[in-house]
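When the letters of the first sequence are read in order and numbered with my numbering, they come out as residues 18 to 446.
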Amino acid sequence: MLQSQLFTKTKRQAPTDEISKNARLLIQAGFINKEMAGVYDLLPLGLRVVNRIRKIVSEEMEKLGSEEISMSSLQNKEIWKKTGRWEDKAVDVWFKSKFKNDTEVGFGWSHEEPIIEMIKSYAESYKDFPRYVHQFQNKMRNEVRAKSGIIRCREFLMKDMYAFCASEEDNLAFYKKSTDAYLKIFEHIGLGDITYVTSASGGVFTDKFSHEFQALCDSGEDIIYVNKNKKIAVNEEIYNEENIKKMGMEMKDFEKRKAAEVGNIFNFGTGKCEQMGFYFIDKDGTKKPAHLSSYGIGITRLMGVLTEVFADDKGIIWPKEVAPFQIHLLCLQQDNQEVSSKAKELYIDLQEAGYEVLYDDRSESAGFKLRDADLLGVPLRIVISGKTLEKESYEIKVRCLKDQKIMPLPKKDSIDFKATIQSYLNQSI
RNA sequence: CGGGCUGUAGUGUAAUGGUAGCACGAGUCCUUCGGGAGGAUUUACUCCGGGUUCAAAUCCCGGCAGCCCGACCA
């Protein structure tokens with residue numbers, strides 16, 4: 018993409034009405050725009066990052082056999098009344114409104130009840146199980162206090178998956194399988210080292226613990242106790258001698274850390290389906306309630322956590338798997354015909370080699386472009402200037418490394434053209 | 001929902017109760033081009049409503065908005 022065609026611009030200063038690192042950097046660099054407290058727009062660069070995260074998540078969901086859907090944001094009050102969760106006393110994050118005829122509607126803060134209601138009408142026999150469905154959907158939550166930039170928003174993008182099983186065994190097996198899939202996702206995104214499966218208190222319908230995926234992050238909202246050797250953690254809310262013993266461990270093995278919840282999985286058992294009247298006819302002809310488990314990942318929150326975790330004093334450092342572009346091509350003398358035509362040539366070559374390239378073709382000063390590139394955080398930077406042309410080379414720099422490296426400019430037919438670039442890309446996060 | 005802090009051009013900031021200024025940005029022109037270049041010129045601002053005062057960005061009251069701490073977070 019030509020940077021001159023990008024409508025967003027970086028700001029010289031970070032906004033003063035934001036304290037959180039993620040919002041300051043993402044706004045300054047033009048990834049998001051603030052609409053209101055806890056409400057942000059995704060700009061071209063931000064949307065690219067979100068879409069890449071989304072793609073990674075999507076692939077794992079498909080491997081699990083889940084079908085993608087998209088449910089409505091406007092929700093039926095009657096469905097939520099079945100579980101008693103329409104009342105503000107039970108759920109304090111509802112946004113509600115009315116149709117012109119005074120019918121009350123809710124804005125989806127979750128889709129558990131509506132999805133049960135929907136799947137119920139398609140699954141009447143044991144032959145119709147299991148069913149796995151997921152969606153990427155904006156959730157609306159009337160938080161009394163939005164905070165931490167895009168970590169805790171009033172409107173945010175979430176991937177939610179729901180598994181409907183005919184038996185407890187199937188449900189638990191899928192729960193386990195999904196846990197592994199989630200770990201793979203966080204690994205792929207670049208948060209593998211700092212993300213812990215964390216035991217937390219169960220939901221309204223579960224006796225046992227639920228599991229959270231917590232990424233170690235100072236600006237996170239949760240306190241967890243981490244066992245680094247076993248690569249697991251326990252949320253503060255259930256951290257006590259009794260529970261730790263139950264898990265067969267000792268409290269001295271745990272370290273207190275701050276973390277951000279990037280995923281959450283829940284086993285509802287049959288409780289919720291019973292409340293909603295979701296029964297099916299089993300092999301033996303008897304009526305049984307379906308088992309439900311749900312699986313969430315905060316997609317936009319992940320972008321915020323990545324920004325918090327991967328940044329230096331110059332700007333963002335995107336892991337290569339989620340970066341808006343893989344290569345940032347900088348032409349330092351855009352008005353010099355010789356230099357810019359060479360840059361254009363390389364831009365095309367890189368694209369033909371299969372890379373997503375942001376080409377800074379603007380008529381700006383060298384320093385301006387270099388600083389901008391640091392702020393945007395694209396993993397690989399290639400610089401073309403009069404200087405590099407003289408040396409018949411160009412400079413390539415890995416954003417997360419301090420030392421700048423120079424490599425020779427291979428011809429586009431050269432075998433090692435792509436391999437060389439790839440080897441540099443592999444050095445990034 | 002309790003508490004604290006803060007609202008000045010698009011952005012960032014100044015202004016004892018007394019002429020609202022500066023920088024960046026944006027527009028035009030010229031010179032520049034390896035870490036946010038220089039000159040000339042143009043452009044744009046006191047959150048809203050009330051009060052005190054000869055006079056309010058400044059003091060008081062109310063609203064709205066933003067951030068932070070706590071509570072909450074299925």
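C-beta: ideal position from N, C-alpha, C; glycine also.
Since we're looking at a predicted model, the values are computed, not measured.
Q) Looking at the structure shown, is residue 391 part of a helix, part of a strand, or coil, going by DSSP? A) helix
Q) How many angstroms separate the CA atom of residue 243 from the CA atom of residue 271? A) Straight-line measurement puts the Cα of residue 271 at about 5 Å from the Cα of residue 243.
Q. When you compare each of 311, 399, 294, 334 to residue 347 by their alpha carbons, which one comes out closest?
A. 399
Q: Have a look at residue 174 and residue 188 and give me their C-alpha separation to the nearest angstrom.
A: 26 Å
**Q.** Burial state of residue 389, where buried means 16 or more other Cβ atoms lie within 10 Å
**A.** Residue environment analysis places residue 389 among the buried positions, since at least 16 neighbouring C-beta atoms fall within 10 angstroms of its C-beta.
Q: Measure the C-alpha to C-alpha separation of residue 52 and residue 235 and round it to an integer number of angstroms.
A: 25 Å
Q: Can you grab the Cα-Cα spacing for the pair residue 212 / residue 231, in whole Å?
A: About 5 Å.
Q. Can you check whether the CB of residue 204 is closer than 8 Å to the CB of residue 280?
A. no
Q. Candidates 344, 184, 297, 403: which alpha carbon is nearest residue 285's?
A. Sorting 344, 184, 297, 403 by C-alpha distance to the C-alpha of residue 285 places 184 at the top.
Q: Give me the Cα-Cα distance between residue 221 and residue 199, rounded to the nearest whole angstrom.
A: Residue confidence for residue 221 is low, a pLDDT of 42 falling below 50, so the modelled location carries little weight; the figure read from the coordinates is stated next. Just so you know, the alpha carbons of residue 221 and residue 199 end up roughly 23 Å apart.
Q: From the DSSP output, in three-state form, read off residue 158 for me.
A: coil
**Q.** Span of the beta strand (DSSP E) around residue 23
**A.** Unbroken run through residue 23: none, as it is neither H nor E.
Q) Which whole runs of the alpha helix (DSSP H) in the stretch 89 to 117 are 4 residues long or more, in chain order? A) 94 to 98
Q | residue 287, DSSP secondary structure in three states | A | DSSP, read as helix, strand or coil, puts residue 287 in coil.
Q. What are the complete alpha helix (DSSP H) segments, minimum 4 residues, inside the stretch 352 to 425?
A. 354 to 369, 383 to 393, 403 to 407
(Q) Applying the 10 Å Cβ sphere with the 16-neighbour rule, what's the burial state of residue 54? (A) exposed
Q.
With H, G and I counted as helix, E and B as strand and the rest as coil, what does DSSP make of residue 151?
A. strand
Q: Output the distance between the C-alpha atoms of residue 223 and residue 43, rounded to the nearest integer angstrom.
A: Legend: pLDDT at residue 223 = 48, less than 50; position of this residue unreliable, value from coordinates given subsequently. Roughly 38 Å between the two C-alpha positions.
Q: May I have the straight-line CA-CA distance separating residue 141 from residue 151, to the nearest angstrom?
A: 20 Å
Q) What are the boundary residues of the beta strand (DSSP E) that residue 350 is part of? A) Run containing residue 350: none; DSSP gives neither H nor E here.
Q: Since I believe residue 133 is in contact with residue 289 (beta carbons under 8 Å), could you give me their beta-carbon distance rounded to a whole number of angstroms?
A: 7 Å
**Q.** Beta carbon of residue 157 nearer than 8 Å to that of residue 169
**A.** no
Q) Quick one: is residue 161 buried, meaning 16 or more other Cβ sit within 10 Å of its Cβ, or exposed? A) Exposed, since its Cβ has fewer than 16 Cβ neighbours within 10 Å.
Q. Buried or exposed: where does residue 29 fall if 16 or more other Cβ atoms within 10 Å of its Cβ makes it buried?
A. exposed
Q. Helix, strand or coil: how does DSSP classify residue 244 here?
A. Looking at residue 244 - three-state DSSP - the assignment turns out to be strand.
**Q.** Reduced DSSP secondary structure (H/G/I, E/B, other) of residue 215
**A.** strand
Q: Below 7 Å CB to CB, which residues in the same chain sit around residue 267 once its five sequence neighbours on both sides are set aside?
A: 261
Q. Which residue's Cα is closest to the Cα of residue 84: 180, 277, 35?
A. In terms of Cα proximity to residue 84, the closest of 180, 277, 35 is 180.
Q: Pull up the distance between the alpha-carbon of residue 120 and that of residue 313, whole angstroms please.
A: Here the alpha carbons of residue 313 and residue 120 stand approximately 30 Å from one another.
Q) How would you label residue 336, buried or exposed, when you count the other beta carbons within 10 angstroms and need 16 or more for buried? A) buried
Q: Using only alpha-carbon positions, find the residue among 38, 439, 206, 22 that is nearest to residue 315.
A: Measuring from the Cα of residue 315, the nearest candidate turns out to be 206.
Q.
One question on the structure: do residue 149 and residue 299 come within less than 8 Å of each other, judged by their Cβ atoms?
A. no
Q: Check whether the Cβ atoms of residue 322 and residue 250 lie closer than 8 Å to each other.
A: no
Q) So, are the CB atoms of residue 23 and residue 194 less than 8 Å apart? A) no
Q. Taking the C-alpha atoms as reference points, what is the distance between residue 145 and residue 123?
A. CA-to-CA, the gap between residue 145 and residue 123 works out to about 30 Å.
Q: Determine the contact status of residue 49 and residue 319, defining contact as a CB-CB distance below 8 Å.
A: No; because the gap between Cβ atoms is not below 8 Å, this pair is not in contact.
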